[in-house]
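Sequence order for the protein chains is A and B. At the far end of the first sequence sits residue 619, using UniProt numbering, and the numbering has no gaps. At the far end of the second sequence sits residue 224, using UniProt numbering, and the numbering has no gaps. Contents: one structure, followed by commentary.
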Amino acid sequence: MINIKKLDRELLSVEKPARYVGSELNSVIKNKEDVSIRFAFAFPDVYEVGMSHTGLHILYHLLNSKDNIWCERVFAPWTDMEKVMRKNDIPLYGLESKDELKKFDFVGFTLQYEMSYTNVLNMLNLADIPIRSKDRTEDMPIVIAGGPCAYNPEPLYEVVDLFTIGESEELILELMELYEKEKISGFNKLSFLEKAAHIEGVYVPRFYEETYNDDGTIKERKILNSNAKEVITKRIIKDLDKSFYPEKSILPYIDVVHDRVVLEVFRGCTRGCRFCQAGMVYRPVREKSPDTLVNQVESLINSTGHDEISLTSLSTGDYSCLPDLTLQLLDKYENKNVSISLPSLRLDSMTFDIIERLQEVRKSGLTFAPEAGTQRMRDVINKNLTEEQILGPVETAFNLGWSTVKLYFMIGLPGETMEDVMGIKELSYKVKDKFFQRPKEEIKGNLKINVSASCFVPKPFTPFQWVKQDSMDEFYDKAKSLQKEIKDKKVSFSYHEPKLSYLEAVFARGDRRLSDALIKAFEKGCRFDGWYDVFDFNKWMEAFEETDTVPDFFAKRERELTEVLPWDFIDTGITKKFLISEYNNAMKALTTSDCRQQCYNCGVNHKLIGGACPHVINS
Amino acid sequence: MSLIVKYTKTGNLKYISHLDVLRFIQRAVKRAGIDAKYSEGFNPHMKTSFGFPLSLGIESIGEYFEIELNEDIKPDDFVNRMNVVMPKEMQILKAAYSEDSRSLMARSSYTEYLFNVEFVNLDFNKLNELIKEIIETGIVFSKQKKNKKNKIITKEYNTKDFITYLNAFEKTGKTVIEAIFITTETGSMKADDLIKIISDSGFNIDYYTILKVDTLDENRKSLL
Ligand code: SF4
């Protein structure tokens with residue numbers, strides 16, 4: 001255990017000390033002597049962000065459901081706490097036992113966004129664990145990582161011993177079983193990693209080597225260890241109704257980002273938006289049944305006393321039993337002061353009588369995500385929405401009494417012209433007109449339209465994985481022109497910082513050669529890069545320079561369709577052929593319909609399901 | 001019907017702020033399935049009221065809240081049902097229906113503390129002299145405060161206006177100080193200030209913990 005008195009002396013000097021002490025209701029305390037595997041679930045961001053992440057709650061309770069495993073949590077200490085820890089020699093520790101991380105068998109990071117990579121490094125360093133896996137001795141924890149960013153694991157290849165690709169509820173237990181066995185027969189890290197490499201979905205980067213052409217592109221990947229597979233296939237959970245879901249969730253004392261019961265209703269998405277990595281890599285769609293969900297809601301409400309239920313997924317409105325489920329939940333909870341919210345709801349597909357009863361939505365205003373301002377641009381990105389399909393629901397919402405509307409757009413989409421950019425303004429003004437084009441007596445409330453634009457980041461495993469990102473100058477030009485043009489008291493405009501999106505783009509499609517720059521940036525003090533007030537762009541540029549890394553090569557370069565991409569060895573189920581055909585359609589502004597109506601053979605049917613996707617209506 | 005409830009806040013929960021405790025307890029009431037009264041209106045909230053906030057970093061075995069209920073529940077049942085859904089660091093000790101119509105804060109006149117102090121090279125006689133001075137002649141100390149205009153001003157206070165009882169003794173190598181503070185609405189002298197006064201008087205303190213033992217009424221009796 002770390003020195004508790006030392007910690008106690010300092011904790012009152014940091015912001016929100018409750019971030020660092022654990023002891024929440026439903027957190028799990030076990031007897032060290034009774035377990036053989038100590039697992040630290042590491043979330044490389046602050047407590048409040050990490051505790052709002054559903055995956056953490058699932059894996060935490062899943063691992064703890066096994067008698068031989070004790071899973072604890074650890075988050076990135078905020079900058080004030082880091083200073084205190086370094087000054088007083090307090091190593092990073094597991095919140096439950098307060099044991100140093102170094103004593104654990106596993107440290108498992110979840111990689112939710114690229115901008116958390118320096119935090120991964122910093123957390124290892126604070127735990128006194130060497131950053132590079134080759135510098136870690138046999139008695140040190142095995143560092144594993146999973147989550148959406150693991151679909152391109154290469155920038156972290158030197159740091160992480162083993163990646164888990166895809167959904168890990170089953171995989172993680174197989175890994176633990178293997179570890180337990182290996183431990184009994186005399187543990188050796190290499191032999192463990194070799195055996196682990198045979199588990200589907202496991203990627204051990206040290207078993208591969210990459211060579212490059214003169215122009216900097218990848219020449220080939222060589223296998224260095226006979227246990228390593230050529231292709232790593234992502235894991236999926238076939239039946240979500242049968243899959244583990246915790247009956248309890250840890251109840252934080254302090255306000256966290258999502259202070260409510262969060263329940264995923266289905267995984268995957270059929271919309272096929274071409275910019276969206278999640279929409280591609282989480283295929284196929286798998287729904288939970290309303291019965292399962294109602295039971296899960298009940299036990300979670302009972303174990304936490306939360307007063308809000310949030311039904312999430314990539315596109316909750318597409319859930320086939322949504323009316324049935326929401327009405328069941330409303331009937332059950334409306335009179336118990338429990339409210340229901342439906343984020344990521346596409347209002348074109350939603351009946352308003354349900355929304356009307358969801359008062360939580362009313363309070364926070366309505367969100368629409370047209371993503372692009374012109375029809376042509378929306379066709380390019382395959383956001384299958386016409387102007388009428390945007391303005392129609394907006395009008396309905398106004399008629400029902402809403403007056404605050406958020407509109408989300410992207411700038412820098414492939415093939416975007418200034419006309420497309422200005423389309424954002426025009427569409428926003430049309431939304432405004434809808435409000436005032438109603439009979440005078442019906443116009444109530446104070447109209448507020450918040451328009452926000454994010455900078456497009458091309459992601460692996462999307463039809464846009466080959467395209468170049470706009471330069472920062474182009475982003476600023478576009479954003480600033482919009483800022484100049486949108487001059488209306490009712491309409492406000494804000495944009496996401498291009499520098500952050502640039503760095504995100506570098507790492508999203510980066511390869512092994514970014515490792516040195518990443519470590520350098522960490523050494524220079526980069527942390528919490530996703531937090532704009534902490535983010536230090538200049539330090540990053542220095543780090544690239546000092547390590548002879550050209551970030552533009554990763555962000556701003558158009559790739560040939562034939563180029564070997566750093567993530568090509570991972571199989572998400574979706575074929576490259578499908579991605580190329582979608583890329584070609586995009587260039588011609590041709591749309592592909594929602595694959596609930598018609599299957600486009602993206603590949604997950606043959607490769608992951610072994611048959612047609614069950615959700616296709618015409619199959 | 002208004003129920004007065006006494007509870008603890010120990011261990012790591014000493015780092016949880018007053019507002020967070022408030023929300024946590026309201027959720028516990030829900031988990032326990034107790035039928036509490038809610039305010040009317042668009043955004044109804046549970047009708048509870050709490051005593052003076054406990055400073056962050058202090059443990060307590062004498063915290064109070066008051067709750068209005070729709071159901072006629074036996075106080076003992078309330079205690080049992082709540083404790084099932086509360087962590088071990090926050091347990092309900094007692095509950096009773098109240099006949100006093102004054103608010104919890106209005107009833108709080110004194111606060112009793114226990115300080116566990118680890119001194120380096122302590123001269124116990126000197127400590128006793130200091131204690132005498134603190135309650136008899138009083139020691140003047142100053143604190144920075146924000147005034148109504150949000151300006152920072154320095155104000156002076158005298159310990160004898162705030163502490164009515166102070167006694168130190170040694171127990172298994174450690175020094176224990178018992179204290180009774182007068183509860184003031186402004187919270188002008190906090191338990192931590194006493195530690196600061198002792199260390200400013202030349203005592204070397206390595207480590208300390210503070211436990212609030214109870215809130216006392218005007219007759220120096222426990223509120224419950
Ligand atoms: S296989 Fe067909 S139906 Fe299934 S996700 Fe791919 S395109 Fe959609």
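From the three backbone atoms N, C-alpha and C, an ideal C-beta is built for every residue, glycine too. Since we're looking at a predicted model, the values are computed, not measured.
Residue j beta carbon less than 9 Å from that of residue i
i	j	result
asparagine 450 of chain A	serine 492 of chain A	yes
valine 107 of chain A	asparagine 68 of chain A	no
threonine 154 of chain B	lysine 143 of chain B	yes
glutamate 40 of chain B	serine 109 of chain B	no
valine 213 of chain B	threonine 175 of chain B	no
alanine 508 of chain A	arginine 274 of chain A	no
threonine 118 of chain A	arginine 512 of chain A	no
serine 168 of chain A	serine 249 of chain A	no
valine 338 of chain A	proline 414 of chain A	no
leucine 101 of chain A	tyrosine 93 of chain A	yes
aspartate 206 of chain B	phenylalanine 119 of chain B	yes
lysine 14 of chain B	isoleucine 73 of chain B	no
phenylalanine 65 of chain B	isoleucine 163 of chain B	no
valine 202 of chain A	phenylalanine 163 of chain A	yes
serine 133 of chain A	arginine 206 of chain A	yes
alanine 197 of chain A	phenylalanine 109 of chain A	no
isoleucine 142 of chain A	aspartate 128 of chain A	no
tyrosine 408 of chain A	phenylalanine 368 of chain A	yes
glycine 146 of chain A	isoleucine 165 of chain A	yes
tryptophan 567 of chain A	proline 153 of chain A	yes
glycine 11 of chain B	glutamate 136 of chain B	no
Residue interval of the alpha helix (DSSP H) (run including residue i)
i	result
residue 621 of chain A	Past the boundaries of the shown model lies residue 621 of chain A; chain A is included only from 1 to 619, so the question cannot be answered.
glutamate 182 of chain A	169-184
phenylalanine 124 of chain B	124-135
arginine 27 of chain B	18-31
alanine 278 of chain A	277-281
phenylalanine 65 of chain B	Note, phenylalanine 65 of chain B: premise wrong, no alpha helix (DSSP H); beta strand (DSSP E) at 59-68.
tyrosine 208 of chain A	Segment 208-212 is the beta strand (DSSP E) holding tyrosine 208 of chain A; no alpha helix (DSSP H) there.
phenylalanine 578 of chain A	576-587
Cβ-Cβ separation, residue j to residue i (assumed contact under 8 Å), whole Å
i	j	result
glutamine 375 of chain A	glutamate 388 of chain A	At roughly 11 Å, the Cβ-Cβ gap does not stay under 8 Å, so glutamine 375 of chain A and glutamate 388 of chain A are not in contact.
leucine 175 of chain A	proline 148 of chain A	Actually they do not touch by this definition, with Cβ atoms about 19 Å apart.
alanine 36 of chain B	glutamate 68 of chain B	7 Å
threonine 217 of chain A	valine 534 of chain A	Not really, about 34 Å apart at Cβ, beyond 8 Å.
Bounding residues of the beta strand (DSSP E) (the contiguous stretch that carries residue i)
i	result
alanine 168 of chain B	163-171
glutamate 194 of chain A	Glutamate 194 of chain A -> not in any beta strand (DSSP E); alpha helix (DSSP H) instead, spanning 189-196.
glutamate 371 of chain A	366-371
asparagine 204 of chain B	204-216
threonine 154 of chain B	152-158
isoleucine 177 of chain B	174-182
lysine 103 of chain A	Where lysine 103 of chain A is concerned, there is no enclosing beta strand (DSSP E), given that its DSSP letter is neither H nor E.
valine 143 of chain A	142-146
**Study point:** Segments assigned beta strand (DSSP E), at least 3 residues, entirely inside the segment 374-448 of chain A
**Key:** 404-411
Check your understanding: In chain order, which beta strand (DSSP E) runs of at least 3 residues are fully inside the segment 93-122 of chain B?
Key -> Every beta strand (DSSP E) of 3 residues or more that sits fully in the segment 93-122 of chain B is shown, in chain order, as 110-120.
Point to revise | Residues of the segment 15-28 of chain A whose Cβ lies closer than 7 Å to any Cβ of chain B, in chain order | key: Pro17, Ala18, Val21, Gly22, Ser23 and Leu25
**Study point:** Under 7 Å (Cβ pairs) to chain A, residues found in the segment 22-56 of chain B
**Key:** Phe24, Arg27, Ala28, Lys30, Arg31, Tyr38, Pro44 and Leu56
Point to revise | Residues of the segment 237-264 of chain A whose Cβ lies closer than 8 Å to any Cβ of chain B, in chain order | key: Leu251, Tyr253, Ile254 and Asp255
Point to revise | Within 9 Å of chain B by C-beta, residues of the segment 301-319 of chain A in sequence order | key: Ile301, Asn302, Ser303, Thr304, Gly305, His306 and Asp307
Review point. Taking the runs of the alpha helix (DSSP H) that are 4 residues or longer, which of them lie wholly in the segment 3-61 of chain A?
Key: 4-11 and 47-50
Check your understanding: Taking only runs of the beta strand (DSSP E) that begin and end inside the segment 449-494 of chain A, which ones reach a length of at least 3 residues, in chain order?
Key -> none
Review point. What are the residues of the segment 378-400 of chain A that lie near chain B, defined by any Cβ-Cβ distance shorter than 9 Å?
Key: none
Review point. Using Cβ-Cβ distances below 9 Å, what residues of the segment 328-345 of chain A are close to chain B?
Key: Lys336, Asn337 and Val338
Point to revise | Segments assigned beta strand (DSSP E), at least 3 residues, entirely inside the segment 226-295 of chain A | key: 261-264
**Study point:** Segments of 4+ residues assigned as alpha helix (DSSP H) that fall wholly inside the segment 499-563 of chain A
**Key:** 515-523, 537-546 and 551-555
Review point. Taking a cut of 7 Å between CB atoms, which residues from the segment 88-109 of chain B lie near chain A?
Key: For the segment 88-109 of chain B, the set of positions with a beta-carbon nearer than 7 Å to some beta-carbon of chain A reads Glu89 in chain order.
Point to revise | Chain-ordered residues of the segment 426-449 of chain A with a beta carbon less than 9 Å from chain B | key: none
Exercise for review: Could you list the residues in the segment 8-21 of chain B with a C-beta less than 7 Å from some C-beta on chain A, going in chain order?
Suggested key: Gly11, Asn12, Leu13, Tyr15, Ile16 and Asp20
Point to revise | Where the segment 140-166 of chain B meets chain A: residues whose CB sits under 7 Å from a CB there | key: Those residues of the segment 140-166 of chain B that come within reach of chain A (Cβ to Cβ, closer than 7 Å) do not exist; the list is empty.
**Study point:** Under 7 Å (Cβ pairs) to chain E, residues found in the segment 179-212 of chain B
**Key:** Absent from the structure: chain E. Protein chains present are A and B.
Point to revise | Members of the segment 62-93 of chain A near chain B, C-beta cut-off 9 Å | key: Considering only beta carbons, no part of the segment 62-93 of chain A lies closer than 9 Å to chain B.
Practice item. Quick one: which unbroken alpha helix (DSSP H) runs of 4-plus residues sit fully inside the segment 312-348 of chain A? Chain order, please. Key: 322-333
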